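**Q**
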Amino acid sequence: MEAFGRLLDILDELREKCPWDRKQTNESLRTNTIEETYELCEALMQNKSNEIKKELGDLLLHVIFYAKIADEKGDFDISDVCNSLCEKLIYRHPHVFGDDNADTAKKVEQSWEQLKLKEKGGNKTVLEGVPASLPSIVKAHRIQDKARNVGFDWEKREQVWDKVMEEFSELKTEIQHMDADKMEAEFGDLFFSLINAARLYKINPDNALERTNQKFIRRFNYLEEKTIQAGRSLKEISLEDMDKIWNEAKVKGL
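According to this note's numbering, the sequence shown is numbered sequentially starting from -15.
(1) Taking DSSP as the reference, what is the three-state secondary structure of methionine 162?
(2) For glutamate 170, which residues in the same chain have their Cβ closer than 6 Å to its Cβ, ignoring the five residues on either side in sequence?
(3) Please identify the residue among Gln198, Ala182, Ile201 whose C-alpha is closest to the C-alpha of arginine 126.
(4) Could you tell me how far apart the beta carbons of leucine 238 and arginine 202 are, in whole angstroms, since I believe they sit closer than 8 Å?
(5) Could you check whether leucine 45 and leucine 24 sit closer than 7 Å to each other, using their CB atoms as the reference points?
(6) Which ranges does the alpha helix (DSSP H) cover as unbroken runs of at least 4 residues, wholly within the stretch 98 to 155, from first to last along the chain?
(7) Which same chain residues end up closer than 7 Å to leucine 40 when comparing Cβ atoms and leaving out the 5 residues on each side of it in sequence?
(8) How many whole angstroms separate the CB atoms of leucine 13 and phenylalanine 49, which I take to be in contact at a CB cut-off of 8 Å?
(9) Pick out the complete beta strand (DSSP E) segments inside the stretch -8 to 32, 3 residues or longer, and give them in chain order.
(10) In whole angstroms, what is the alpha-carbon distance linking asparagine 231 and glycine 215?
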């Protein structure tokens, strides 16, 4: 609590004395907040404790900054933010702070969604709470997760593969017809079904794709470095030679 109080005091002083901090608004900070969130995500993916600590601090600064701006307008302050969160956590955990029984994580998630629908001023529909601005892969996962919490899901997870193959078949048909709009639509359906499969098998699709992104970067960098060491450029070597170097990277575990 002492450290948090010190942080609030420092922000107060910056807001008063620093020209840059003084001119910031919700609108000017918003893009930076998104950037800081992604930097935290990257640190979490890399599992680097010092970087996670640093990025959590950067994101916390944004939280208290928005609260400070609201306080100056007379809307709310950081205490209101904390108390509002406390009340929400207590309300949505009746199995901890009340008499309800939820002895599995699945039951807790189902109860959480039902309570959100009941909250005064809360979501009126199951999917209303999914932010429209979420990246598409994350949004698809959240949509499917919320639908699952109210019982809309496969009876057995193996059934999802029939759906994946169905969507793949429909995509191949549209590719044969070369209808750009329908191809895009079917690609979307295929992605959605694959993300659904990932959810059912407890795989985070965004994390999975990022792992592949990083793997591709490592192997491509190796390919480029080996080519430069040989005094050539990538445009000068054949695809066959590229494949050989790429396989070297795989053998090295890159």
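Ideal Cβ placement from N, Cα and C applies to all residues, glycine included. Quantities reported herein were computed from a predicted structural model and do not represent experimental measurements.
**A** According to the structure shown:
(1) Coil at methionine 162, not helix or strand.
(2) Answer for glutamate 170: Glu154, Leu155, Glu158, listed in chain order.
(3) That would be Ala182, whose Cα lies nearest to the Cα of arginine 126.
(4) Indeed they touch by this definition, with Cβ atoms about 4 Å apart.
(5) Not closer than 7 Å, so no.
(6) With a minimum length of 4 residues, the continuous alpha helix (DSSP H) runs that stay inside the stretch 98 to 155 are 120 to 133.
(7) Within the same chain, leucine 40 has close Cβ partners Leu24.
(8) Indeed they touch by this definition, with Cβ atoms about 6 Å apart.
(9) Counting only runs of at least 3 residues, the stretch -8 to 32 fully encloses no beta strand (DSSP E) element at all.
(10) Distance between the alpha carbons of asparagine 231 and glycine 215 is about 20 Å.
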